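To keep things clear, I will list the structure first and then write my remarks on it.
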Amino acid sequence: MQKITPFLWFSTQAEEAMNFYTSIFPDSRVISIKRYPDGPLEGPMAGMEGKVLTGIFELAGQRFMALDGGPTFKFTPAISLFVNCETAAEVDEMWGKLSGGGSVLMPLQQYPFSEKFGWLEDKYGLSWQLTLGAWAQKITPFLMFVGEQHGKAEEAMTFYTSLFDNSGIKQIERYGAGAAGQEGTVTHAVFNLNGQAFMAMDSNLEHAFTFTEAISFYVDCESQAEVDRLWDALSAHPEAEQCGWLKDRYGVSWQIIPAALPELMNDPDPEKAKRVMDAMLQMKKIDIRALQEAAYEQKQPTE
Numbered sequence: 008m009q010k011i012t013p014f015l016w017f018s019t020q021a022e023e024a025m026n027f028y029t030s031i032f033p034d035s036r037v038i039s040i041k042r043y044p045d046g047p048l049e050g051p052m053a054g055m056e057g058k059v060l061t062g063i064f065e066l067a068g069q070r071f072m073a074l075d076g077g078p079t080f081k082f083t084p085a086i087s088l089f090v091n092c093e094t095a096a097e098v099d100e101m102w103g104k105l106s107g108g109g110s111v112l113m114p115l116q117q118y119p120f121s122e123k124f125g126w127l128e129d130k131y132g133l134s135w136q137l138t139l140g141a142w143a144q145k146i147t148p149f150l151m152f153v154g155e156q157h158g159k160a161e162e163a164m165t166f167y168t169s170l171f172d173n174s175g176i177k178q179i180e181r182y183g184a185g186a187a188g189q190e191g192t193v194t195h196a197v198f199n200l201n202g203q204a205f206m207a208m209d210s211n212l213e214h215a216f217t218f219t220e221a222i223s224f225y226v227d228c229e230s231q232a233e234v235d236r237l238w239d240a241l242s243a244h245p246e247a248e249q250c251g252w253l254k255d256r257y258g259v260s261w262q263i264i265p266a267a268l269p270e271l272m273n274d275p276d277p278e279k280a281k282r283v284m285d286a287m288l289q290m291k292k293i294d295i296r297a298l299q300e301a302a303y304e305q306k307q308p309t310e
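The number in my numbering is simply the position in the sequence shown, starting from 1, with 7 added.
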């Protein structure tokens, strides 16, 4: 089971986007879609009847998740998906498909660091970096630390790798004297979290964006103890805490979710699943015991 899953927040186009992305990458499929209930819905869910509450899909064998959450959050290039392509033809084909209706951030061409590289935003606003060069992990989340977070990429990687087993910083390249970036900060780095590759860099250019909740990292937790440990370590903005979501000290969003939550929410008894959903919507950090009490409408014995 993939421990950490990139989670994409769309306004109302999650299903269309999942179908689009899975048509581009080999070894890809939509695994499941859980929808908002039929209406009428009220409050923040108003108008979302039948839309994607949770979508799970695979791209090149890697798991991603998505939902329709309305226009509250927008994708930015602060987190992009870095794709390693084995041939120049693959780069060209993927660029042609992903760039349609989108915008170019860095033209597809040769650079000092790659024979063929380009950076774009697709028609949904999601950022992709495409490069020529085979790598074991096809798609890698790429975090760019800008603005107030500039210069903190190495600190963040050290912090993140301290939280997960089988983790570590694998490679760091730094800006030198006279380079385009601030000397000593990270121009490119690779780190692993629980065996999954991530990338990071610092940029001291003036960017009109930073991290947003539009891309979060969903962590599959085995127990309440693991939820508590990660929540206490990561959460740095109490006002952002809601339904298992949090924002860390760098502005990156995470979902700290026990395996029990989707199991209970997908119960074949719709009334039980609704009680779990209603209980979850009142929570900040997810409480497994409270979910179980809601599901079975009874108090669990105290251990």
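All C-beta atoms in this analysis are idealised placements derived from N, C-alpha and C, irrespective of residue type, glycine included. Bear in mind the structure is a predicted one, so any value in this text is a computation, not a measurement.
(message) Going residue by residue through the stretch 204 to 276, where are the continuous beta strand (DSSP E) segments of at least 3 residues, counting only ones entirely within it?
(response) 222 to 228, 252 to 254 and 260 to 265
(message) Checking 8 Å against the spacing of the C-beta atoms, do tryptophan 102 and leucine 137 come in under that value?
(response) Less than 8 Å divides the Cβ of tryptophan 102 from the Cβ of leucine 137.
(message) Pop quiz: leucine 127 and alanine 73 are said to be a contact at Cβ under 8 Å. What is the actual Cβ separation, rounded to whole angstroms?
(response) Their Cβ separation, rounded to whole angstroms, is 19 Å, which puts leucine 127 and alanine 73 out of contact at 8 Å.
(message) Is it buried or exposed, asparagine 91, if we count other Cβ atoms within 10 angstroms and call 16 or more buried?
(response) Buried.
(request) State the DSSP-derived secondary structure class of aspartate 75, mapped to helix, strand or coil. (result) strand
(message) Given this structure, state the Cα-to-Cα distance separating glutamate 310 from arginine 296, to the nearest angstrom.
(response) With a pLDDT of only 48 at glutamate 310, under 50, the local geometry of the prediction cannot be trusted, and no value is derived from it.
(request) Give the straight-line distance between the Cα atoms of lysine 41 and glycine 108, rounded to the nearest whole angstrom. (result) 28 Å
(message) I'd like to know whether the C-beta atoms of phenylalanine 188 and asparagine 173 end up nearer to each other than 8 Å.
(response) Residue 188 is actually glycine in this sequence, not phenylalanine. No, they are not a contact pair.
(message) Using C-beta distances below 6 Å, list every residue in its chain close to valine 98, excluding the 5 sequence neighbours before and after it, in chain order.
(response) Closer than 6 Å at the Cβ level, and outside the excluded window around valine 98, lie Cys92, Lys123, Leu137 and Leu139.
(message) Rounded to whole angstroms, what is the Cα-Cα separation between alanine 243 and tyrosine 257?
(response) Using only the alpha carbons, I get a separation of about 9 Å.
(request) Tell me whether serine 2 is buried or exposed, calling it buried when 16 or more other Cβ atoms sit within 10 Å of its Cβ. (result) Residue 2 lies beyond the stretch modelled for the chain, which goes from 8 to 310, so this question has no answer here.
(message) Quick check on alanine 302: does DSSP put it in helix, strand or coil?
(response) helix
(request) Determine the burial state of glutamine 203: buried for a count of at least 16 other Cβ atoms within 10 Å of its Cβ, exposed for fewer. (result) buried
(message) Given a cut-off of 8 Å on the beta-carbon distance, is the pair glutamate 161 and valine 197 in contact?
(response) Cβ distance not < 8 Å, so glutamate 161 and valine 197 don't count as in contact.
(request) Take phenylalanine 82 and list the residues in its own chain whose beta-carbon comes closer than 6 Å to its own, dropping the five residues that flank it on each side. (result) Gly132, Leu133 and Ala221
(message) Applying the 10 Å Cβ sphere with the 16-neighbour rule, what's the burial state of aspartate 45?
(response) exposed
(message) Contact defined as beta carbons within less than 8 Å: I believe tyrosine 225 pairs with threonine 12. What is the distance between those atoms, to the nearest angstrom?
(response) With a contact defined as Cβ atoms closer than 8 Å, tyrosine 225 and threonine 12 qualify at about 4 Å.
(message) Buried or exposed for threonine 79, going by 16 or more other Cβ atoms inside 10 Å?
(response) exposed
(request) With DSSP collapsed to three states, give me the class of threonine 138. (result) strand
(message) Measuring straight from C-alpha to C-alpha, what distance separates glutamine 249 and alanine 286?
(response) 12 Å
(message) Please classify glycine 183 as buried or exposed, where buried requires at least 16 neighbouring CB atoms within 10 angstroms.
(response) Looking at its Cβ environment, which holds fewer than 16 other Cβ atoms inside 10 Å, glycine 183 is exposed.
(request) Go through its chain and collect everything with a Cβ distance to lysine 159's Cβ below 8 Å, but skip five positions before and after it. (result) Phe152, Asp209 and Tyr257
(message) For glutamate 22 and phenylalanine 64, what's the separation of their Cα atoms in angstroms?
(response) CA-CA distance, glutamate 22 to phenylalanine 64, rounds to 10 Å.
(request) Figure out for me which residue from Ser169, Phe171 and Ala207 has the closest Cα to the Cα of glutamate 180. (result) Ranking the options by Cα distance to glutamate 180, first place goes to Ala207.
(request) Would you mind sorting valine 111 into buried or exposed? The rule is 16 or more other CB atoms within 10 Å of its CB. (result) exposed
(message) Suppose you measure from the CA of leucine 170 to the CA of aspartate 239; what does that come to, to the nearest Å?
(response) Cα to Cα, the separation comes out at about 11 Å.
(request) Please determine, among Ser87, Ile86 and Leu115, the residue with the shortest C-alpha to C-alpha distance to glutamate 100. (result) Leu115
(request) State the CB to CB distance for the pair alanine 247 and leucine 253, rounded to an integer number of angstroms; the pair is presumed to be in contact (CB under 8 Å). (result) 6 Å
(request) Might you give, ordered along the chain, the residues of its own chain that have their beta carbon closer than 6 Å to the beta carbon of glutamine 69, omitting 5 neighbours on each side? (result) Ile146
(request) Give the secondary structure of valine 153 by DSSP, where H, G and I count as helix, E and B as strand, and everything else as coil. (result) coil
(request) Determine the closest residue to glutamine 262 out of Asp129, Lys10 and Ser223, with distance taken between C-alpha atoms. (result) Ser223
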